[in-house]
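Colleague: Just dropping this structure here.
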Amino acid sequence: MPIVSVILTSYNHEKYLRESIESVLSQTFTDFELIIVDDCSTDRSWEIIESYSDDRIIKVRNPKNVLYVLNEAITNVVTGKYIAIHHSDDVWEPNKLAEQVGFLATHDSYGAVFSWASIVDEDGKLFL
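One gets the working numbering by counting positions in the sequence shown from 1 and adding 1490 to each.
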């Protein structure tokens, strides 16, 4: 059983999806499963998801757009001790999971952690 279950929700973000997935797969902390839940995208998102063969990836595609993909994944798929939420237009810093798992592992009284976020435009430029 992995320490972290990363749930990556996807809907029509083919432009950003590959970078989003790669940012999870390139984490310095590697004891995770990556559950990619596509909410019946109409673009090439599912094709991109299907192109990955990493054993840590679990691919789920909804047959119709249902909008509550996160709840379904949490209820029916996750196996990790911790859950990390990721979206198809987000990119993580390489040490995100290592820092968050390290903190949670040494602070039993905490149930959740969050991190700073940089907001970027659709071209990846910092939005001020």
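Just so you know, even glycine gets a beta-carbon here, dropped at the ideal spot from N, CA and C. In this text, all values refer to a predicted model and were calculated from it rather than measured experimentally.
Taking DSSP as the reference, what is the three-state secondary structure of residue 1565?
Modeller: As a position in the sequence shown, residue 1565 is number 75, starting the count at 1. Note: residue 1565 maps to helix in three-state DSSP.
Colleague: Given a threshold of 16 other Cβ atoms within 10 Å of its Cβ, counted over all protein chains shown, does residue 1572 qualify as buried or as exposed?
Modeller: Here residue 1572 corresponds to residue number 82 of the sequence shown, with the count starting at 1. Buried.
Colleague: What do you get for residue 1503, buried or exposed, if any count of 16 or more other CB atoms within 10 angstroms of its CB means buried?
Modeller: Here residue 1503 corresponds to residue number 13 of the sequence shown, with the count starting at 1. Buried: at least 16 other Cβ atoms inside 10 Å.
Colleague: Out of 1555, 1605 and 1514, point me to the one whose CA is closest to residue 1501's CA.
Modeller: Locating residue 1501 in the sequence shown gives position 11, where the first residue counts as 1. Taking only the C-alpha atoms, the option nearest residue 1501 is 1555.
Colleague: Who does residue 1572 pair with in a DSSP beta bridge?
Modeller: Counted from its first residue, the sequence shown places residue 1572 at position 82. Answer by DSSP bridge pairing, in chain order: 1494.
Colleague: Looking only at its chain, what residues have a beta carbon closer than 7 Å to the beta carbon of residue 1532, apart from the 5 residues adjacent to it on each side?
Modeller: By one-based count along the sequence shown, residue 1532 stands at place 42. So the qualifying residues of the chain are 1502.
Colleague: Residue 1508: beta carbon under 7 Å from a heavy atom of the ligand PLP?
Modeller: The ligand PLP is not part of the structure shown, which contains no ligands of any sort.
Colleague: Pair every Cβ in the stretch 1541-1548 with every Cβ in the stretch 1505-1524, then say whether three or more of these pairs are closer than 8 Å.
Modeller: The answer is yes - the stretch 1505-1524 touches the stretch 1541-1548, with three or more Cβ pairs under 8 Å.
Colleague: Span of the beta strand (DSSP E) holding residue 1526?
Modeller: Looking up residue 1526 in the sequence shown gives position 36. Note, residue 1526: beta strand (DSSP E), 1522-1528.
Colleague: What residue range is occupied by the uninterrupted alpha helix (DSSP H) comprising residue 1505?
Modeller: Within the sequence shown, residue 1505 is the residue found at index 15, counting from 1. Its alpha helix (DSSP H) spans residues 1504-1515.
Colleague: I'd like to know whether the C-beta atoms of residue 1582 and residue 1513 end up nearer to each other than 8 Å.
Modeller: Within the sequence shown, numbered from 1, the residue matching residue 1582 stands at position 92. Within the sequence shown, numbered from 1, the residue matching residue 1513 stands at position 23. Going by C-beta atoms, residue 1582 is nearer than 8 Å to residue 1513.
Colleague: Report yes or no: is there a C-beta of chain D within less than 8 Å of the C-beta of residue 1574?
Modeller: The chain labelled as chain D is not found in the depicted structure, where only one protein chain is given.
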